[in-house]
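To keep things clear, I will list the structure first and then write my remarks on it.
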Amino acid sequence: MTSIPGEMFLLLTHESGRQEATQYRRQALVAAVLTELLLRERIALTEGRSPRVDVLDPAPTGVAELDQVLAHLTTLRSPKMGSLLGKRDCDVTETIGDAFAAAGEVRRKDGWFLTSWPAGSSVLEAELRARLGAVLQGTRRASLQDAVLLEILKALRVGQRILREESGGMSRRQLDRTVEALDVDVPAAAALRRMIDALNAAMATTASTTTMAGGS
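Here's what the structure looks like:
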(Lines of atoms letter the chains of each structure in order from A; the text may use other names.)
(Lines give C-alpha, C1' and ligand atoms only; values in the text may rest on other atoms or scores of the structure.)
Protein backbone atom coordinates (compact mmCIF):
# COMPACT_ATOMS: atom_id res chain seq x y z
CA MET A 187 0.00 0.00 0.00
CA THR A 188 1.24 3.48 -0.86
CA SER A 189 2.29 5.54 2.17
CA ILE A 190 0.33 8.56 3.35
CA PRO A 191 3.04 10.98 2.12
CA GLY A 192 3.22 9.06 -1.16
CA GLU A 193 -0.49 9.59 -1.77
CA MET A 194 -0.20 13.23 -0.73
CA PHE A 195 2.55 13.66 -3.34
CA LEU A 196 0.21 12.30 -6.03
CA LEU A 197 -2.60 14.63 -5.01
CA LEU A 198 -0.36 17.71 -4.99
CA THR A 199 1.33 17.02 -8.33
CA HIS A 200 -0.56 17.99 -11.50
CA GLU A 201 -0.49 15.55 -14.44
CA SER A 202 1.76 18.02 -16.29
CA GLY A 203 4.23 17.84 -13.43
CA ARG A 204 3.27 21.24 -12.09
CA GLN A 205 3.09 21.32 -8.31
CA GLU A 206 -0.29 22.16 -6.83
CA ALA A 207 -0.27 24.30 -3.67
CA THR A 208 3.45 24.86 -4.32
CA GLN A 209 4.09 27.10 -1.32
CA TYR A 210 2.70 24.47 1.05
CA ARG A 211 3.71 21.22 -0.60
CA ARG A 212 6.83 20.58 1.49
CA GLN A 213 4.85 21.24 4.67
CA ALA A 214 2.07 18.91 3.52
CA LEU A 215 4.49 16.07 2.80
CA VAL A 216 6.32 16.49 6.11
CA ALA A 217 2.97 16.59 7.91
CA ALA A 218 1.98 13.35 6.18
CA VAL A 219 5.28 11.71 7.18
CA LEU A 220 4.96 12.77 10.81
CA THR A 221 1.38 11.53 10.92
CA GLU A 222 2.34 8.11 9.57
CA LEU A 223 5.27 7.86 11.99
CA LEU A 224 2.87 8.70 14.81
CA LEU A 225 0.42 6.01 13.71
CA ARG A 226 3.26 3.49 13.45
CA GLU A 227 4.22 4.44 17.03
CA ARG A 228 7.72 5.53 15.97
CA ILE A 229 7.22 9.01 17.42
CA ALA A 230 5.06 10.59 20.12
CA LEU A 231 3.78 14.12 20.68
CA THR A 232 4.01 15.96 23.97
CA GLU A 233 0.93 17.66 25.40
CA GLY A 234 0.27 21.36 24.88
CA ARG A 235 -0.60 23.81 22.13
CA SER A 236 2.85 23.55 20.51
CA PRO A 237 3.66 19.84 20.87
CA ARG A 238 7.19 18.55 20.59
CA VAL A 239 8.19 15.36 18.81
CA ASP A 240 9.94 12.56 20.67
CA VAL A 241 11.35 9.49 18.91
CA LEU A 242 10.12 6.23 20.43
CA ASP A 243 11.68 3.77 18.01
CA PRO A 244 14.48 4.84 15.62
CA ALA A 245 14.59 1.51 13.75
CA PRO A 246 14.04 1.85 9.97
CA THR A 247 10.48 1.30 8.74
CA GLY A 248 11.49 0.14 5.28
CA VAL A 249 9.67 3.11 3.70
CA ALA A 250 12.26 5.53 2.31
CA GLU A 251 10.43 8.79 2.96
CA LEU A 252 9.56 7.80 6.53
CA ASP A 253 13.11 6.65 7.26
CA GLN A 254 14.59 9.89 5.90
CA VAL A 255 12.64 12.00 8.38
CA LEU A 256 12.96 9.50 11.23
CA ALA A 257 16.76 9.48 10.86
CA HIS A 258 16.81 13.29 11.00
CA LEU A 259 14.59 13.34 14.07
CA THR A 260 17.10 11.18 15.93
CA THR A 261 19.65 14.01 15.56
CA LEU A 262 17.33 16.55 17.18
CA ARG A 263 16.26 17.03 20.78
CA SER A 264 12.46 17.08 21.06
CA PRO A 265 11.88 19.63 18.28
CA LYS A 266 8.60 21.51 18.08
CA MET A 267 6.40 19.86 15.50
CA GLY A 268 5.69 23.13 13.72
CA SER A 269 9.42 23.80 13.26
CA LEU A 270 9.83 20.60 11.25
CA LEU A 271 7.33 21.43 8.50
CA GLY A 272 9.66 23.68 6.54
CA LYS A 273 12.99 21.99 7.28
CA ARG A 274 14.98 21.06 4.18
CA ASP A 275 16.28 17.88 5.81
CA CYS A 276 12.66 16.74 6.12
CA ASP A 277 11.76 17.49 2.49
CA VAL A 278 10.85 14.10 1.02
CA THR A 279 9.75 15.34 -2.42
CA GLU A 280 12.60 13.81 -4.39
CA THR A 281 12.64 10.63 -2.33
CA ILE A 282 8.99 9.99 -3.15
CA GLY A 283 9.22 11.27 -6.72
CA ASP A 284 12.16 9.04 -7.59
CA ALA A 285 10.34 6.00 -6.19
CA PHE A 286 7.24 6.74 -8.25
CA ALA A 287 9.40 7.40 -11.32
CA ALA A 288 11.04 3.99 -10.92
CA ALA A 289 7.56 2.44 -10.79
CA GLY A 290 6.39 4.34 -13.88
CA GLU A 291 3.74 6.35 -12.05
CA VAL A 292 5.48 9.66 -12.88
CA ARG A 293 8.47 10.82 -14.92
CA ARG A 294 11.32 12.89 -13.54
CA LYS A 295 11.97 16.09 -15.52
CA ASP A 296 14.88 18.23 -14.34
CA GLY A 297 14.64 21.92 -15.17
CA TRP A 298 17.04 24.81 -14.68
CA PHE A 299 15.79 25.48 -11.16
CA LEU A 300 13.13 22.93 -10.29
CA THR A 301 12.39 19.27 -10.87
CA SER A 302 8.90 18.41 -12.09
CA TRP A 303 7.12 15.07 -12.12
CA PRO A 304 4.81 14.69 -15.17
CA ALA A 305 2.32 11.85 -14.99
CA GLY A 306 3.30 8.40 -16.22
CA SER A 307 0.74 5.62 -15.89
CA SER A 308 -1.34 7.57 -13.29
CA VAL A 309 -2.98 4.31 -12.17
CA LEU A 310 -2.34 4.89 -8.48
CA GLU A 311 -3.57 8.47 -8.59
CA ALA A 312 -6.75 7.49 -10.43
CA GLU A 313 -7.51 4.84 -7.81
CA LEU A 314 -6.73 7.29 -5.01
CA ARG A 315 -8.99 10.01 -6.37
CA ALA A 316 -11.83 7.54 -6.94
CA ARG A 317 -11.46 6.35 -3.35
CA LEU A 318 -11.51 9.83 -1.85
CA GLY A 319 -14.40 10.82 -4.10
CA ALA A 320 -16.44 7.90 -2.80
CA VAL A 321 -15.67 8.96 0.78
CA LEU A 322 -16.73 12.55 0.13
CA GLN A 323 -19.90 11.43 -1.64
CA GLY A 324 -20.78 9.15 1.25
CA THR A 325 -20.67 5.87 -0.67
CA ARG A 326 -17.58 4.53 1.08
CA ARG A 327 -16.52 4.60 4.72
CA ALA A 328 -13.30 6.53 5.21
CA SER A 329 -10.21 4.57 6.16
CA LEU A 330 -7.72 6.09 8.56
CA GLN A 331 -5.45 6.97 5.62
CA ASP A 332 -8.35 8.63 3.77
CA ALA A 333 -9.18 10.75 6.81
CA VAL A 334 -5.57 11.83 7.33
CA LEU A 335 -5.18 12.91 3.70
CA LEU A 336 -8.43 14.87 3.77
CA GLU A 337 -7.57 16.49 7.10
CA ILE A 338 -4.18 17.67 5.82
CA LEU A 339 -5.73 19.09 2.64
CA LYS A 340 -8.29 20.85 4.83
CA ALA A 341 -5.51 22.30 6.98
CA LEU A 342 -3.82 23.55 3.80
CA ARG A 343 -7.13 25.04 2.63
CA VAL A 344 -6.65 23.46 -0.79
CA GLY A 345 -8.99 20.47 -0.55
CA GLN A 346 -11.71 22.09 -2.64
CA ARG A 347 -9.23 22.94 -5.42
CA ILE A 348 -7.43 19.59 -5.40
CA LEU A 349 -10.61 17.50 -5.20
CA ARG A 350 -13.03 19.69 -7.15
CA GLU A 351 -14.29 16.90 -9.42
CA GLU A 352 -14.17 14.16 -6.79
CA SER A 353 -16.24 16.23 -4.35
CA GLY A 354 -18.95 16.88 -6.92
CA GLY A 355 -18.26 20.60 -6.90
CA MET A 356 -18.62 21.16 -3.14
CA SER A 357 -17.74 24.59 -1.83
CA ARG A 358 -14.79 24.80 0.53
CA ARG A 359 -17.13 25.16 3.49
CA GLN A 360 -19.16 22.11 2.44
CA LEU A 361 -16.00 20.08 1.94
CA ASP A 362 -14.60 21.14 5.31
CA ARG A 363 -17.81 20.11 7.06
CA THR A 364 -17.80 16.76 5.28
CA VAL A 365 -14.22 16.11 6.39
CA GLU A 366 -14.99 17.18 9.96
CA ALA A 367 -17.90 14.71 10.05
CA LEU A 368 -15.76 11.69 9.13
CA ASP A 369 -15.89 9.04 11.83
CA VAL A 370 -12.64 7.11 12.15
CA ASP A 371 -12.14 5.15 15.34
CA VAL A 372 -8.51 4.16 16.00
CA PRO A 373 -6.50 3.52 19.18
CA ALA A 374 -4.32 6.55 18.41
CA ALA A 375 -7.31 8.84 17.85
CA ALA A 376 -6.43 11.28 20.66
CA ALA A 377 -2.80 11.62 19.53
CA LEU A 378 -3.91 11.93 15.91
CA ARG A 379 -6.33 14.70 16.88
CA ARG A 380 -3.50 16.58 18.61
CA MET A 381 -1.38 16.14 15.50
CA ILE A 382 -4.11 17.52 13.23
CA ASP A 383 -4.83 20.44 15.59
CA ALA A 384 -1.12 21.29 15.69
CA LEU A 385 -0.97 21.05 11.90
CA ASN A 386 -3.90 23.42 11.54
CA ALA A 387 -2.17 25.94 13.81
CA ALA A 388 1.16 25.59 12.00
CA MET A 389 -0.43 25.82 8.56
CA ALA A 390 -2.39 28.92 9.59
CA THR A 391 0.87 30.55 10.68
CA THR A 392 2.53 29.58 7.39
CA ALA A 393 -0.40 30.92 5.37
CA SER A 394 -0.36 34.20 7.31
CA THR A 395 3.39 34.60 6.82
CA THR A 396 3.10 33.87 3.09
CA THR A 397 0.27 36.39 2.69
CA MET A 398 2.19 39.10 4.55
CA ALA A 399 5.31 38.45 2.47
CA GLY A 400 3.31 38.64 -0.73
CA GLY A 401 1.78 41.96 0.28
CA SER A 402 5.02 43.63 1.39
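For the sequence shown, our numbering assigns the number 187 to the initial residue and increments by one for each residue that follows. All C-beta atoms in this analysis are idealised placements derived from N, C-alpha and C, irrespective of residue type, glycine included.
DSSP state of residue i, grouped into three classes?
i, result
"residue 310", "helix"
"residue 271", "coil"
"residue 305", "strand"
"residue 369", "coil"
"residue 454", "As shown, the chain starts at 187 and ends at 402. That puts residue 454 outside it, with no answer to give."
Give the straight-line distance between the Cα atoms of residue i and residue j, rounded to the nearest whole angstrom.
i, j, result
"residue 271", "residue 290", "28 Å"
"residue 387", "residue 325", "31 Å"
"residue 283", "residue 294", "7 Å"
"residue 346", "residue 216", "21 Å"
"residue 253", "residue 274", "15 Å"
Buried or exposed for residue i, please, with buried defined as at least 16 other CB atoms from any protein chain shown within 10 angstroms of its CB.
i, result
"residue 298", "exposed"
"residue 334", "buried"
"residue 385", "buried"
"residue 309", "exposed"
"residue 268", "buried"
"residue 199", "buried"
Locate the alpha helix (DSSP H) running through residue i, then write down its first and last residues.
i, result
"residue 365", "358-366"
"residue 334", "330-342"
"residue 253", "250-259"
"residue 285", "279-289"
Taking the alpha carbon of residue i as the point to measure from, which residue in the options has its own alpha carbon closest?
i, options, result
"residue 210", "237, 279, 224", "279"
"residue 287", "196, 384, 247, 381", "196"
"residue 381", "244, 188, 193, 235", "235"
"residue 248", "238, 313, 222, 304", "222"
Taking the beta strand (DSSP E) that residue i belongs to, which residues open and close that run?
i, result
"residue 240", "239-241"
"residue 231", "229-231"
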